[in-house]
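Heads up, the thing below is written out as structure tokens.
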Amino acid sequence: MKTIEEIRKSLESTYMEHEIEEKLPLIQEINRLKKEKNAVLLGHNYMTPDVFHGVSDILGDSLYLSKAAAETDADIILFNGVHFMAETAKLMSPDKKVLIADLKAGCSLAESITREDVKKLKSQYPGVPVVTYVNCTAEVKAETDICCTSANAVQIVNSLDSDTVIFLPDEYLAGNVQKQTDKKIISFPGRCMVHEMYTAEDILSVRRQWPGVTVISHPECNTDVVEVSDFAGSTSQMSKFIRDSGAKDVFLVTECSMGDNLRSEFPDRQFVSSCRTCPHMKRITLEKIKDALLYEQFEIKLDPEIVEKGRMAVQRMLEVSYK
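Numbered according to my numbering, the sequence shown spans residues 942 to 1264.
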């Protein structure tokens, strides 16, 4: 666990001194409750810096967090992210108590598709394997042959013994995968409300204002955005690219807290920020996290059949990814 001085230091790049002083007592109380409850707090890259750096024990993208949490001896997992992420953690740790600080922290992409939608597609295309992006509900995962992440989507699609693949639910990610595979992709009209707002003109405008800027986009953006970027990848791949490339001026084409959280990790880099914010992610606050721990609320509960089938789809992906 970080010391108070380490937390203070990590927050200096995004908060005023008086804001940090206001947050520290609550951060200390949450960290005390973690010990008392034997809880591990997972922090997604899109959390605000006070949640991400102040109280989260394991940091990263949703699948990494769920996998890492399953390997801890914690009794409670509190997922600082959105609802489908907490469900994924429950799939990976069915015997642990999994909490989320706000049940209304949803996801436009995950909510764009239902289990019935998947069943309908499967009946339209019998025998065609179904790949679903992890950004979907546990019920949708349960109707899936194999899951994928934005980092391994092409690898997963190419691993399947079929010329045609149903790829759900993100149509933009499906489009970006299609450009990198010879297989025919059948997509679905699901989108992330944050990433769909970016356009190629946004990128070109930034390049005109900051000559030499390195543009890093998320593959949940439309293909025309990805094509005018220098690199496209998952949130974990973005961090690695920044570290390895030595890029000094960086424009991140993703949710704005990603840049806020990277500023303390890369103090020698200049981050050009857009203000595309996910309102669902921002429902998770220090106050709600404290109450979730104190009262052990709001617990993620899933039908055993959903857990078994959804976990299988995630496990298949892990087996392919780590061969």
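For each residue, glycine too, the CB sits at the ideal point set by N, CA and C.
Predicted model, so just to flag it, every value in this text is computed and none were measured.
Using a Cβ-Cβ cutoff of less than 6 Å, which residues in the same chain neighbour Ala1254 once the five nearest sequence positions on both sides are dropped?
Lys1082, Thr1085, Ile1087 and Cys1088
If you follow the alpha helix (DSSP H) that Ala1030 is in, where does it begin and where does it stop?
His1024 to Met1033
Which residues in the same chain as Glu953 place their Cβ atom closer than 8 Å to its Cβ, once the five residues preceding and following it in sequence are excluded?
Ile961 and Ser1205
Are Val1154 and Pro1160 closer than 8 Å when you measure CB to CB?
no
Note down, one range per segment and in chain order, each alpha helix (DSSP H) of at least 4 residues found wholly within the region 1219-1253.
1227-1236
Inter-residue Cα distance where the pair is Ile999 and Val1075:
19 Å
Would you kindly work out how many angstroms separate the C-alpha atoms of Lys1125 and Lys950, rounded to a whole number?
49 Å
Counting only beta-carbon atoms, is Asp1002 nearer than 8 Å to chain C?
Looking at the structure shown, chain C is missing, and only one protein chain is on hand.
Check this for me: beta carbons of Arg1056 and Glu1080, under 8 Å apart or not?
yes
Contacts around Leu1006, its chain only, beta-carbon distance under 6 Å, and the 5 residues preceding and following it disregarded:
Leu983 and Ile999
Measure how close the beta-carbons of Gly1131 and Ile1247 come, nearest whole angstrom, since I'm counting them as under 8 Å.
With a Cβ gap of about 20 Å, Gly1131 and Ile1247 do not count as contacting.
In whole angstroms, what is the alpha-carbon distance linking Asp1111 and Lys1061?
17 Å
Closest to Ile1183 by CA distance: which of Asp1165, Cys1162, Thr1164 and Ser1158 is it?
Ser1158
Contact the region 1225-1233 vs the region 980-997: 3+ CB pairs below 8 Å
yes
For Glu977, does the count of other Cβ atoms within 10 angstroms reach 16, so buried, or fall short, so exposed?
exposed
Nearest-angstrom Cα distance between Leu1227 and Ser1103?
47 Å
Compute the distance between the beta-carbons of Ser1175 and Asp1002, then report whether it is under 8 Å.
yes
Quick check on Gly1200: does DSSP put it in helix, strand or coil?
helix
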